[in-house]
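*Asks:*
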Amino acid sequence: MAQSSVWAGKVLALVKGGNTPAAIAQIKVAPSVKDLLAFKKALAATQLAGRWRDLDAAVDDNLALLAAPRLHRAP
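This is the structure we're talking about:
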């Protein structure tokens with residue numbers, strides 16, 4: 004079985020620690036759409052979604068960028 008990514012948990016820890024600029028920087032270099040969706044789901048589960056506009060905007064913007072068929076991140 005493939006191991007699940009721990010990226011979302013690490014970025015969530017940055018947000019919980021109050022370091023939103025570092026979290027936004029990590030969101031901009033997110034490994035995949037799957038990881039960003041897991042992070043967005045974790046934000047909603049911990050009721051942190053909507054607390055920081057710039058964080059929510061970064062997630063939405065990068066989801067749109069990574070979902071585009073011509074843009075992708077190299078492994």
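Per my numbering, the very first residue in the sequence shown carries number 4; after that it's consecutive.
We treat Cβ as the ideally placed atom computed from N, Cα and C, and that holds for glycine.
Nothing here was measured: the structure is a model prediction, and the numbers come from that model.
Looking only at its own chain, which residues have a Cβ that is under 6 Å from the Cβ of leucine 66, when we skip the five neighbours before and after it?
*Replies:* Here residue 66 refers to the residue found at position 63 when the sequence shown is read from its first residue. Leu39, listed in sequence order.
*Asks:* Along the chain, where does the alpha helix (DSSP H) that runs through glutamine 29 open and close?
*Replies:* Taking the sequence shown and counting its residues from 1, the one referred to as residue 29 is at position 26. Looking at the DSSP string, the run of the alpha helix (DSSP H) that includes glutamine 29 is 23-31.
*Asks:* Buried or exposed for valine 32, please, with buried defined as at least 16 other CB atoms from any protein chain shown within 10 angstroms of its CB.
*Replies:* For this step, residue 32 is matched to residue 29 along the sequence shown. Under this definition valine 32 is an exposed residue.
*Asks:* Ignore the nearest five residues each way along the sequence and tell me which others in valine 36's own chain have a CB closer than 7 Å to its CB.
*Replies:* Residue mapping note: residue 36 aligns to position 33 of the sequence shown, counting from 1. Leaving aside the five residues that flank valine 36 on each side, the residues in its chain whose CB is nearer than 7 Å to its CB run, in chain order, Leu66, Leu69 and Ala70.
*Asks:* So, is glutamine 29 buried or exposed, given that buried needs 16 or more other C-beta atoms within 10 angstroms?
*Replies:* For the purposes of this step, residue 29 is identified with residue 26 of the sequence shown, where counting begins at 1. That one is buried.
*Asks:* Taking the alpha carbon of arginine 56 as the point to measure from, which residue in Val18, Ala48, Ala41 and Pro34 has its own alpha carbon closest?
*Replies:* Within the sequence shown, residue 56 is the residue found at index 53, counting from 1. Closest by alpha carbon: Val18.
*Asks:* Taking the Cβ atom as the reference point for each residue, do isoleucine 27 and leucine 46 lie within a distance shorter than 9 Å?
*Replies:* In the sequence shown, residue 27 corresponds to position 24, counting from 1. In the sequence shown, residue 46 corresponds to position 43, counting from 1. No. Outside cutoff.
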